[in-house]
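Notes to accompany the following structure.
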Amino acid sequence: IRYFDNAATTIMSRTALDVYQHVASTYIGNPSSLHAEGIKAKEKLEQSREDLAGLLSVAKENLTFTAGASEANAIIFNSLIWKLQKPHVIISNIEHSSTKEYGRLMKQLGWKVTTLDAPGGFIKAEDLRRALTKQTRLVSLMLVNNVVGTIQDIQALVAEVRAYEQEQGGRKIHFHTDATQAFGKIPFSLETLGVDSAAFSAHKFHGPKGVGFLYNRDPAIESLSRGGGQEAGLRPGTENLPGIASMVEAAKESIQKFSEHEKRVKQINTLLRDRLSFLPTISPEKACSPYILNVATNNLPSEVFTRMLYDKGFCVSSGSACSNNAKQKGEGVLESMQIAPSLAKSSIRISFSADTTIEEAEALAEAFTTLIQEHA
Ligand code: PMP
Numbered sequence: 004i005r006y007f008d009n010a011a012t013t014i015m016s017r018t019a020l021d022v023y024q025h026v027a028s029t030y031i032g033n034p035s036s037l038h039a040e041g042i043k044a045k046e047k048l049e050q051s052r053e054d055l056a057g058l059l060s061v062a063k064e065n066l067t068f069t070a071g072a073s074e075a076n077a078i079i080f081n082s083l084i085w086k087l088q089k090p091h092v093i094i095s096n097i098e099h100s101s102t103k104e105y106g107r108l109m110k111q112l113g114w115k116v117t118t119l120d121a122p123g124g125f126i127k128a129e130d131l132r133r134a135l136t137k138q139t140r141l142v143s144l145m146l147v148n149n150v151v152g153t154i155q156d157i158q159a160l161v162a163e164v165r166a167y168e169q170e171q172g173g174r175k176i177h178f179h180t181d182a183t184q185a186f187g188k189i190p191f192s193l194e195t196l197g198v199d200s201a202a203f204s205a206h207k208f209h210g211p212k213g214v215g216f217l218y219n220r221d222p223a224i225e226s227l228s229r230g231g232g233q234e235a236g237l238r239p240g241t242e243n244l245p246g247i248a249s250m251v252e253a254a255k256e257s258i259q260k261f262s263e264h265e266k267r268v269k270q271i272n273t274l275l276r277d278r279l280s281f282l283p284t285i286s287p288e289k290a291c292s293p294y295i296l297n298v299a300t301n302n303l304p305s306e307v308f309t310r311m312l313y314d315k316g317f318c319v320s321s322g323s324a325c326s327n328n329a330k331q332k333g334e335g336v337l338e339s340m341q342i343a344p345s346l347a348k349s350s351i352r353i354s355f356s357a358d359t360t361i362e363e364a365e366a367l368a369e370a371f372t373t374l375i376q377e378h379a
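Okay, so the sequence shown: first residue is 4 according to UniProt numbering, each after it adds one.
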C-alpha cells in the first residue's frame, strides 16, 4: 500500500512509538496520586508540557492536553456557549466539521452566526471586517485548510479584529484558530499570529491518535466538563501520559527535521504538479501547505476514482469527503471556495508526510495517468 492520506492521519514515528511503549510500561502511577509513582508520573507530565511549550515558544501554563483537535476546539466553543448571552460569532465555511458544527449549534441556540466564504480558498480580511459587530465575541478561522491546504493570513485577520476592538474602545473578541494541519508542516509562531487560542492533534504529525492539545491564553475560558480538576480544570480526567509523552516526542522530531521534511515534500509536490499538469489543480501554488495537493479528474466522481486508485494500491482521499453532510446543504468547503461543481465533484486530495518518498509519488503519477487514459 502506498499511503497518500496523511492529512487524515499519519503513521506513528518509530521514536514516538518507543516513547509510548516506554512510558506506558514504566510510568504506572496516576499523576494525581501522592505516592512516589504518582509523583514520577506528574513530573513526566509537566516535563512534557514544558518541552512542548519550548518548541512553541509559549508559556507552559497556556497548554492543555486534550484528546485531539476536535476536543480542543470544543473547549473554546463550549466555554463561550455556556458563559455568554448569545451574542455574535464568526467562523468560515471552510472550517473542519469540529468548528462548523458548533456554528450550527450556536445558531440553534439563538446565537447570531456569520460564516465567511473563502473564494479561491482564502478568507478576505475585508469580509471579516464587514462581519464584525458590537456583539461579536468569538472569531474562529483555521490556519491551514484540510481539504486543499490553503494557508490563511491569520496575523492579518487578527489585526483586523484588534483594530475593530480599538475603535470600540476595548478588548472583547476571542480569536481562535484550528491549527491542526499546520504543526510541523508550515512555519508559524503562535505569538506572531496573535491568536488567543489554537487547536492541535498529535496524529497529524506522526504522534498517536486520540491525543492533542489546546493553546489558550484567555483566562476567561472555562470548561463545561467537570471532574478531578486535571489540566487546570479545562480538561478533567486522568491524563493520557503515554499518549502525551509520545506526542511531545513526535512534536520534537517534526520541529527538528522541519526543513529536511519540507524540502523533500516540496520536491514531491512539484513532481506531482508537473506530472499531473494535464488535470485541473485545485490547491493554489501560493500560500498553500506543500503537504496537501488537491486535483480534479473533471469527469470521474471523487469516490469512484479514489476506489480505482485503491484497487491499484494507493490511498488518497475524495476531496470532499470531509464535507459530505455540509455539501448537501450547499455549504461544502469546495463550494465555499467557488470551485466549479464539475471539479468539486471529481476532486482528489493527495496528502504527504515526512515519510513519503519520490518513488511513491512517481508510482502515483503513473497510476493517475493510466487510469485517466483508460477512462477518458
Ligand atoms: N481540524 C482539522 C483542520 C482537521 O484536519 C482535523 C482532523 N481531520 C481536526 C480538526 C480534528 O482532529 P481530531 O480528529 O484529531 O480531533
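All C-beta atoms, glycine included, are put in the ideal place defined by N, C-alpha and C.
Tell me whether T183, by its Cβ, gets closer than 7 Å to a heavy atom of the ligand COA. For the structure depicted, the ligand COA is absent and the ligand set comprises only the ligand PMP.
Express the C-alpha separation of S36 and E265 in angstroms, rounding to a whole number. 42 Å
Can you name the residues that DSSP bridges to G215? T69 and S204
Alpha carbon to alpha carbon, how far is P211 from M250? 6 Å
For the 8 Å Cβ check, are there 3 or more pairs between the stretch 295-304 and the stretch 343-350? yes
Using the beta-carbon count (16 or more within 10 Å), is T139 buried or exposed? buried
I'd like the ranges of any beta strand (DSSP E) spanning at least 3 consecutive residues and lying wholly in the stretch 159-204. 177-181 and 200-204
What are the start and end residues of the beta strand (DSSP E) that includes T117? K115 to L119
For the ligand PMP, any of its heavy atoms closer than 7 Å to the Cβ of S292? no
C-alpha gap between E163 and L131, whole angstroms: 8 Å
Heavy atom of the ligand PMP within 7 Å of G71 beta-carbon: yes
At a threshold of 7 Å, does N219 count as lining the ligand PMP (C-beta to nearest heavy atom)? no
Please tell me whether A128 and I97 are closer than 8 Å, where the distance is taken between their beta carbons. no
Reduced DSSP category for S317 - H, G, I as helix; E, B as strand; rest coil: Per the sequence presented here, residue 317 reads as Phe, with Ser not at that position. Looking at F317 - three-state DSSP - the assignment turns out to be strand.
Buried versus exposed call for V151 [16 or more other C-beta atoms within 10 Å across all chains shown]: buried
L303 - partner residues in DSSP beta bridges: None; L303 has no bridge partner.
Roughly how many angstroms separate the alpha carbons of A19 and K45, rounded to a whole number? 20 Å
Check whether the Cβ atoms of V161 and H179 lie closer than 8 Å to each other. no
For P245 and K255, what's the separation of their Cα atoms in angstroms? 15 Å
Contact between the stretch 185-203 and the stretch 58-66 is defined here as three or more beta-carbon pairs at a separation below 8 Å; is this criterion met? yes
Tell me, to the nearest whole angstrom, how far the beta carbon of L141 is from that of V92; I am working on the premise that it is less than 8 Å. 4 Å
Cβ-heavy atom distance between S204 and the ligand PMP below 7 Å? yes
Helix, strand or coil for D21 per DSSP? helix
Closest by C-alpha distance to K175, when choosing among L87, E377, F186 and T183: L87
Which one or two residues does DSSP pair with V142 in a beta bridge? I93 and F178
On the three-pair Cβ rule with 8 Å, is the stretch 305-320 touching the stretch 280-294? no
Compare the C-alpha of I258 against each of E377, H209 and A39 and name the closest. H209
Does residue 3 pass the burial test, meaning 16 or more other C-beta atoms within 10 Å, or should it be called exposed? Nothing about residue 3 can be reported from this structure: the residues present for the chain run from 4 to 379 only.
Could you check the C-alpha separation between Q376 and R267 for me, to the nearest Å? 29 Å
Less than 8 Å separating the beta-carbons of L227 and S82? yes
Looking at the ligand PMP, does it come within less than 7 Å of A253, judged from the CB to the closest heavy atom? no
Start and end of the alpha helix (DSSP H) containing R220? Looking at the DSSP string, R220 is not in any alpha helix (DSSP H), and its letter there is neither H nor E.
Three CB pairs or more closer than 8 Å across the stretch 59-78 and the stretch 230-239: yes
Return the chain-ordered ranges of every alpha helix (DSSP H) run that is complete within the stretch 240-306 and spans a minimum of 4 residues. 244-259 and 261-278
Using beta-carbon positions only, say whether L144 and Q155 come within less than 8 Å of one another. yes
Between the beta-carbon of K47 and the beta-carbon of V22, is there less than 8 Å? no
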